[in-house]
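Novice: Listed in order, the protein sequences are those of chains V and W.
full-length UniProt numbering numbers the first residue of the first sequence as 1 and each following residue consecutively.
full-length UniProt numbering numbers the first residue of the second sequence as 1 and each following residue consecutively.
Built from N, CA and C at the ideal position, the CB exists for glycine as well.
Take this structure, written in structure tokens, and hold onto it; I'll ask about it next.
Protein chains: 2
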Amino acid sequence: MTIDELVAAARGGSIRAAGRLLSMVESSRRDELLDTLDGVAVRAVQVIGVTGPPGAGKSTTIAVLVSAYRGRGKRVAVLAVDPSSPYSGGALLGDRIRMAAHVDDPDVLIRSVATRGHLGGLAEGVPAAVTVLAALSYDVVLIETVGVGQSEIEVAAIADPAVVVLNPGAGDAIQAAKAGLLEVADIVVVNKADREGADQTVRDLRAETGVPILKIVAAKNEGIAELVEAVDAHLRADDPARRAARARAQVLSLAQSVLRSHPDLDHLAAEVARGRLDVYFATKSLLRLADPADNP
Amino acid sequence: MTIDELVAAARGGSIRAAGRLLSMVESSRRDELLDTLDGVAVRAVQVIGVTGPPGAGKSTTIAVLVSAYRGRGKRVAVLAVDPSSPYSGGALLGDRIRMAAHVDDPDVLIRSVATRGHLGGLAEGVPAAVTVLAALSYDVVLIETVGVGQSEIEVAAIADPAVVVLNPGAGDAIQAAKAGLLEVADIVVVNKADREGADQTVRDLRAETGVPILKIVAAKNEGIAELVEAVDAHLRADDPARRAARARAQVLSLAQSVLRSHPDLDHLAAEVARGRLDVYFATKSLLRLADPADNP
Numbered sequence: 001m002t003i004d005e006l007v008a009a010a011r012g013g014s015i016r017a018a019g020r021l022l023s024m025v026e027s028s029r030r031d032e033l034l035d036t037l038d039g040v041a042v043r044a045v046q047v048i049g050v051t052g053p054p055g056a057g058k059s060t061t062i063a064v065l066v067s068a069y070r071g072r073g074k075r076v077a078v079l080a081v082d083p084s085s086p087y088s089g090g091a092l093l094g095d096r097i098r099m100a101a102h103v104d105d106p107d108v109l110i111r112s113v114a115t116r117g118h119l120g121g122l123a124e125g126v127p128a129a130v131t132v133l134a135a136l137s138y139d140v141v142l143i144e145t146v147g148v149g150q151s152e153i154e155v156a157a158i159a160d161p162a163v164v165v166l167n168p169g170a171g172d173a174i175q176a177a178k179a180g181l182l183e184v185a186d187i188v189v190v191n192k193a194d195r196e197g198a199d200q201t202v203r204d205l206r207a208e209t210g211v212p213i214l215k216i217v218a219a220k221n222e223g224i225a226e227l228v229e230a231v232d233a234h235l236r237a238d239d240p241a242r243r244a245a246r247a248r249a250q251v252l253s254l255a256q257s258v259l260r261s262h263p264d265l266d267h268l269a270a271e272v273a274r275g276r277l278d279v280y281f282a283t284k285s286l287l288r289l290a291d292p293a294d295n296p
Numbered sequence: 001m002t003i004d005e006l007v008a009a010a011r012g013g014s015i016r017a018a019g020r021l022l023s024m025v026e027s028s029r030r031d032e033l034l035d036t037l038d039g040v041a042v043r044a045v046q047v048i049g050v051t052g053p054p055g056a057g058k059s060t061t062i063a064v065l066v067s068a069y070r071g072r073g074k075r076v077a078v079l080a081v082d083p084s085s086p087y088s089g090g091a092l093l094g095d096r097i098r099m100a101a102h103v104d105d106p107d108v109l110i111r112s113v114a115t116r117g118h119l120g121g122l123a124e125g126v127p128a129a130v131t132v133l134a135a136l137s138y139d140v141v142l143i144e145t146v147g148v149g150q151s152e153i154e155v156a157a158i159a160d161p162a163v164v165v166l167n168p169g170a171g172d173a174i175q176a177a178k179a180g181l182l183e184v185a186d187i188v189v190v191n192k193a194d195r196e197g198a199d200q201t202v203r204d205l206r207a208e209t210g211v212p213i214l215k216i217v218a219a220k221n222e223g224i225a226e227l228v229e230a231v232d233a234h235l236r237a238d239d240p241a242r243r244a245a246r247a248r249a250q251v252l253s254l255a256q257s258v259l260r261s262h263p264d265l266d267h268l269a270a271e272v273a274r275g276r277l278d279v280y281f282a283t284k285s286l287l288r289l290a291d292p293a294d295n296p
């Protein structure tokens with residue numbers, strides 16, 4: 001099938017065709033795909049990032065958000081960006097227990113996106129996957145990342161708003177602050193807020209960030225309407241400067257992905273390590289070699 | 001004064017000349033400086049990174065390490081890489097209380113290195129600063145960074161070993177693991193080990209990392225000889241693969257710094273934000289524009 005045919009089939013409801021298009025974003029056919037999609041009528045897509053430490057309840061929060069947006073009649077896609085994902089960048093996931101309610105819903109797409117290495121660089125296929133999902137008439141894309149290391153920066157670069165999910169307890173708030181999670185948060189959610197200490201955690205967080213802080217109990221669907229409203233309010237306040245800052249972070253992150261996977265990098269590094277090449281000269285060489293004009 | 005004259009003056013003991021050379025590493029004269037230093041006899045310099053959460057006792061640990069290396073007759077430089085440094089990348093610091101003992105020692109140089117922005121990219125001048133310090137016959141360079149966000153990656157890229165300083169308490173160990181600090185550690189130090197819980201912290205850390213874990217009380221100079229020995233042992237075990245991995249991280253980090261400060265980035269990002277430019281095309285444009293062959 002051509003890309004046009006795949007798009008037509010996917011828009012007609014073929015999950016298999018959608019899956020093939022989404023696989024293409026991480027392949028050599030990505031540019032061709034994006035060129036084709038350029039001519040497809042696209043509705044505005046809302047990209048919401050959900051990040052936070054392991055165990056905070058990100059998947060549960062996403063599951064209830066999916067329900068909330070489905071209740072509004074929106075078509076919803078979930079991209080799980082997971083460096084440790086056992087799904088080798090191809091299969092549609094149907095086996096996450098929390099998502100079970102949505103598995104048979106044709107207007108919900110759940111997919112795992114592979115990342116290569118865990119340091120630096122936006123998972124390369126994510127912006128293109130969002131473009132594909134927009135062309136397939138999804139209204140909302142929820143991106144789940146684990147909020148450790150680099151991934152919080154990645155999600156902030158692509159998503160708006162970035163929602164950081166934490167739990168009650170001084171540890172989570174302090175840790176989130178130290179790990180830089182609060183710097184990228186547009187909305188902070190204290191999940192499991194029926195546990196002891198939730199109010200204190202909100203007060204602790206209040207001292208660290210000026211963004212909205214919401215208490216929810218995702219497993220009981222409590223506070224979700226307020227969260228959706230906070231997301232809406234955030235979008236109403238969007239402006240060109242913020243969009244440009246996100247685009248800037250995306251470009252830098254994708255460039256880093258290109259450089260990191262450049263075939264000459266290892267050789268240059270070995271020469272630096274041997275003392276034969278100055279590290280600044282090696283950097284210039286890498287940037288010269290990575291010039292796409294010289295590598296059409 | 002020419003660079004040659006500055007080097008001669010600095011080698012003759014002029015702190016002012018050394019300061020001017022170190023300022024040059026962040027200026028447009030860096031390449032010229034490195035070319036000149038290429039002809040200067042250089043002794044091997046040992047670069048030790050010290051990182052960890054705020055309050056762990058990094059500065060105190062560095063102060064006692066300075067004393068230990070001075071006791072061995074080594075010339076020691078301290079580079080404090082601090083994104084929040086109030087010192088605008090020029091002045092030699094003499095006002096850190098912990099370092100007071102060393103301020104009048106002509107064989108100890110203490111300097112703050114400015115970083116531009118806090119996300120991604122090795123503080124650009126640091127590798128060149130290390131080259132300058134080697135040319136000025138410093139034997140040991142201690143690099144202090146705050147172990148939050150990106151700086152732990154930076155210090156691991158340039159330093160060997162990277163020493164992570166933590167405190168007793170379950171929180172510190174868990175947090176260090178989650179923040180990715182333990183991934184970059186070559187040696188872990190539990191400072192303030194005379195406090196309750198130090199042994200438990202060591203056991204907790206043992207489950208997370210295979211690198212040496214030492215207990216010290218920096219403020220009482222306890223355990224420092226063992227730390228210096230651990231650093232020596234680490235260096236004896238160095239190998240080409242590890243050096244190449246460090247060089248690779250340095251090259252990527254410097255490349256990111258170049259891209260991040262490229263004059264066309266903001267324009268490209270604005271075009272992406274306006275929907276006029278695809279983010280992948282913008283990334284290619286940035287890499288094309290950043291090719292140093294086109295910008296001699």
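Measuring alpha carbon to alpha carbon, tell me which of 168(W), 111(W) and 220(W) ends up nearest residue 68(W).
Specialist: Nearest C-alpha to residue 68(W): 220(W).
Novice: Using the beta-carbon of each residue, which ones in chain W are nearer than 8 Å to residue 251(V)?
Specialist: Correct list: 265, 268, 269, 272, 279, 282, 283 and 286.
Novice: Since residue 127(W) meets chain C, which of its residues come closer than 8 Å, beta carbon to beta carbon?
Specialist: Judged by its chain identifiers, the structure shown contains no chain C, and its protein chains are V and W.
Novice: Alpha carbon to alpha carbon, what distance is there between residue 207(W) and residue 55(V)?
Specialist: Each residue's Cα considered, the two are about 19 Å apart.
Novice: Below 8 Å on the Cβ atoms is my guess for residue 77(V) versus residue 133(V); work out the distance and round it to an integer in Å.
Specialist: So it is a contact: roughly 5 Å between Cβ atoms.
Novice: Can you tell me whether DSSP reads residue 260(W) as helix, strand or coil?
Specialist: Helix.
Novice: What residues of chain W sit near residue 7(V), judged by a beta carbon separation below 7 Å?
Specialist: Near residue 7(V) there are no residues of chain W at all, since even the closest Cβ is about 17 Å away, more than 7 Å.
Novice: Between residue 169(V) and residue 210(V), which are expected to be in contact by the criterion C-beta below 8 Å, what is the C-beta distance as a whole number of angstroms?
Specialist: Not really, about 22 Å apart at Cβ, beyond 8 Å.
Novice: Can you grab the Cα-Cα spacing for the pair residue 110(W) / residue 140(W), in whole Å?
Specialist: Cα-Cα distance, rounded: 12 Å.
Novice: Mind checking whether residue 252(W) and residue 286(W) have CB atoms under 8 Å apart?
Specialist: No, these two residues do not count as a Cβ contact at 8 Å.
Novice: Starting from the Cα of residue 81(V), find the closest Cα among 106(V), 48(V), 190(V) and 70(V) and give me that residue.
Specialist: Checked all of 106(V), 48(V), 190(V) and 70(V); the closest Cα to residue 81(V) is 48(V).
Novice: Run through the DSSP bridge pairs and tell me what residue 77(W) is partnered with.
Specialist: In DSSP, residue 77(W) forms a bridge with 109(W) and 141(W).
Novice: Between residue 279(W) and the rest of its own chain, which residues show a CB-CB distance below 7 Å, the 5 nearest in sequence each way excluded?
Specialist: Taken in chain order, the residues that qualify are 272.
Novice: Tell me where the alpha helix (DSSP H) around residue 270(V) begins and ends.
Specialist: Residues 265 to 273.
Novice: Establish whether the CB of residue 92(V) and some CB of chain W are separated by less than 8 Å.
Specialist: Since pLDDT at residue 92(V) reaches only 34, below the 50 mark, its modelled position is unreliable, and the value read off the structure follows with that caveat. No, no contact with chain W.
Novice: Reducing DSSP to helix, strand and coil, say where residue 283(V) ends up.
Specialist: Residue 283(V): helix per DSSP, three-state reduction.
Novice: Which complete alpha helix (DSSP H) runs does the segment 13 to 39 of chain V hold, if anything under 4 residues is left out?
Specialist: As far as the segment 13 to 39 of chain V is concerned, its whole alpha helix (DSSP H) runs of at least 4 residues are 15 to 24 and 30 to 37.
Novice: With distances taken Cα to Cα, identify the nearest neighbour of residue 31(W) among 112(W), 72(W), 294(W) and 129(W).
Specialist: Among 112(W), 72(W), 294(W) and 129(W), the Cα nearest to that of residue 31(W) is on 129(W).
Novice: By the three-class DSSP mapping on this structure, what secondary structure does residue 196(V) have?
Specialist: Note: residue 196(V) maps to coil in three-state DSSP.
Novice: At a cut of 8 Å, does the segment 181 to 189 of chain V reach the segment 225 to 237 of chain V through at least three beta carbon pairs?
Specialist: Yes: at least three Cβ pairs fall under 8 Å.
Novice: Nearest-angstrom Cα distance between residue 106(V) and residue 20(V)?
Specialist: Approximately 16 Å between the Cα atoms of the pair.
Novice: Around the Cβ of residue 223(W), are there at least 16 other Cβ atoms within 10 angstroms (buried) or fewer (exposed)?
Specialist: Answer is buried; the Cβ neighbour count reaches 16.
Novice: In chain order, what residues of the same chain have a beta carbon less than 7 Å from the beta carbon of residue 157(W), not counting five sequence neighbours either side?
Specialist: Cβ within range, chain order: 122, 246, 249, 250 and 253.
Novice: At the level of alpha carbons, what is the spacing between residue 225(V) and residue 216(V)?
Specialist: Cα to Cα, the separation comes out at about 10 Å.
Novice: Does the beta-carbon distance from residue 64(W) to residue 218(W) come in below 8 Å?
Specialist: Closer than 8 Å, so yes.
Novice: Output the distance between the C-alpha atoms of residue 236(W) and residue 294(V), rounded to the nearest integer angstrom.
Specialist: Residue 236(W) and residue 294(V): Cα-Cα distance of roughly 42 Å.
Novice: My parser needs the beta strand (DSSP E) runs of 3 or more residues fully inside the segment 165 to 235 of chain V; what are they?
Specialist: With a minimum length of 3 residues, the continuous beta strand (DSSP E) runs that stay inside the segment 165 to 235 of chain V are 187 to 190 and 213 to 215.
Novice: Could you check which residue in 290(V), 18(V) and 284(V) has the C-alpha nearest to that of residue 261(V)?
Specialist: Answer by Cα proximity: 290(V).
Novice: For residue 250(V), list the residues DSSP reports as bridge partners.
Specialist: Beta-bridge pairing links residue 250(V) to no other residue.
Novice: Quick one: what's residue 49(V) bridged to in DSSP?
Specialist: Answer is 143(V) and 162(V).
Novice: Indicate whether residue 144(W) and residue 62(W) have their beta-carbon atoms separated by less than 8 Å.
Specialist: The answer is yes: Cβ separation under 8 Å.
Novice: In terms of residues, what are the limits of the alpha helix (DSSP H) holding residue 6(W)?
Specialist: Counting along the chain, the alpha helix (DSSP H) containing residue 6(W) begins and ends at 3 to 11.
Novice: From the DSSP output, in three-state form, read off residue 314(V) for me.
Specialist: Outside the modelled stretch of chain V, which goes from 1 to 296, sits residue 314(V), for which no answer is possible.
Novice: Within 8 Å of any Cβ in chain W, is that where the Cβ of residue 292(V) sits?
Specialist: Yes - at least one Cβ of chain W is within 8 Å of the one on residue 292(V).
Novice: If you draw a straight line from the alpha carbon of residue 267(W) to that of residue 35(W), how long is it in whole angstroms?
Specialist: When rounded, the distance between both Cα atoms is 33 Å.
Novice: Answer with yes or no whether the minimum CB distance from residue 258(W) to chain V is below 8 Å.
Specialist: Interface residue, yes.
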